[in-house]
Amino acid sequence: MPAQSASCNDVDYHAFYGYPNHDSPSPNAIASNPLAEIPPFVITQSEESAEPETKRWPVLVSFMIPALGGLLFGYDIGATSFVVVQLESSSYSGVDWYSTVADSAVWRGIITSGSVGGAFLISFLVFPLSEVLGRRGEMLIGASLYMLGGLLQVMAGISSLAEAAALSLLVCGRLVFGMGIGFSMHAVPIYISETMPSSVRGAFISAKEAVIVGGMVRS
11 MPAQSASCND VDYHAFYGYP NHDSPSPNAI ASNPLAEIPP FVITQSEESA
61 EPETKRWPVL VSFMIPALGG LLFGYDIGAT SFVVVQLESS SYSGVDWYST
111 VADSAVWRGI ITSGSVGGAF LISFLVFPLS EVLGRRGEML IGASLYMLGG
161 LLQVMAGISS LAEAAALSLL VCGRLVFGMG IGFSMHAVPI YISETMPSSV
211 RGAFISAKEA VIVGGMVRS
């Protein structure tokens with residue numbers, strides 16, 4: 011004998027659809043509007059996706075490697091003032107053109123502000139290039155510019171170089187190093203915010219600033 015089909019009046023819509031009592035549609039409303047059969051989408055606590063367990067070491071490594079750019083930035087800020095004083099001394103400079111730096115406030119200003127000037131100049135290119143290069147590409151370019159700028163500054167101390175060549179290498183090295191700062195300081199905060207778990211994101215972004223200050227203290 012075929013099973014008797016239940017009428018609308020026989021259906022327990024509270025149990026079948028899981029509606030709260032005050033939200034359940036009446037049989038007449040369902041008959042006139044089929045869309046009323048669709049239950050509301052309610053997310054319960056058990057259905058919410060829990061954040062995956064965060065492993066400590068991968069998170070720390072993902073922070074420390076990019077934060078080295080901030081460490082070098084802080085080290086440059088702290089070391090520059092001391093190095094300029096050394097360049098004015100015949101005993102500590104190790105170069106023959108120390109008197110040029112000692113007698114010229116312009117040269118001292120150029121050497122001191124060279125890295126900031128390089129960061130300022132490259133900032134006009136960083137913003138249009140950031141979406142093309144990506145955060146990782148920006149940091150790689152910044153690291154390469156850090157190395158090249160440091161190498162040029164070291165080469166400026168070669169005793170066999172003429173004064174003009176040595177000062178040119180020093181200023182160029184400062185500018186290139188500053189370009190590395192521009193790339194790194196643009197990419198690192200965004201990279202950290204994009205890769206850190208939400209539970210520790212704010213702490214690590216703030217820690218990046220502490221790394222910069224740590225570089226100043228270390229210098």
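Its first residue numbered 11, the sequence shown is counted upward by one per residue in our numbering.
For glycine and all other residues, C-beta sits at the position ideal for the given N, C-alpha and C.
If you're wondering where the values come from, they're calculated on a predicted model, not measured in any experiment.
- One thing to note: A197 has its Cβ within 8 Å of the Cβ of G152.
- Under a 10 Å Cβ-count criterion, P76 is classified as buried, with 16 or more other Cβ atoms of the shown protein chains found around its own Cβ.
- Boundaries of the alpha helix (DSSP H) harbouring V142: 115-165, taken from the DSSP string.
- Within its own chain, the residues whose Cβ lies closer than 6 Å to the Cβ of S133, once the five positions on either side in sequence are excluded, are G192, listed in chain order.
- When the beta-carbon positions are compared, V69 and P207 come within less than 8 Å of each other.
- Between the region 180-195 and the region 153-161, the count of C-beta pairs closer than 8 Å reaches three or more; the two stretches touch.
- The beta carbons of S140 and R184 sit no closer together than 8 Å.
- In the DSSP assignment, P68 falls within the alpha helix (DSSP H) that extends over 66-97.
- If you look at V198, you'll find it in the alpha helix (DSSP H) that goes 173-205.
- Looking from the CA of E148, the closest CA among M195, W117, D106 belongs to M195.
- Residues of the same chain with a CB within less than 6 Å of the CB of L179, apart from the 5 flanking positions on each side, are L162, M165, A166 in chain order.
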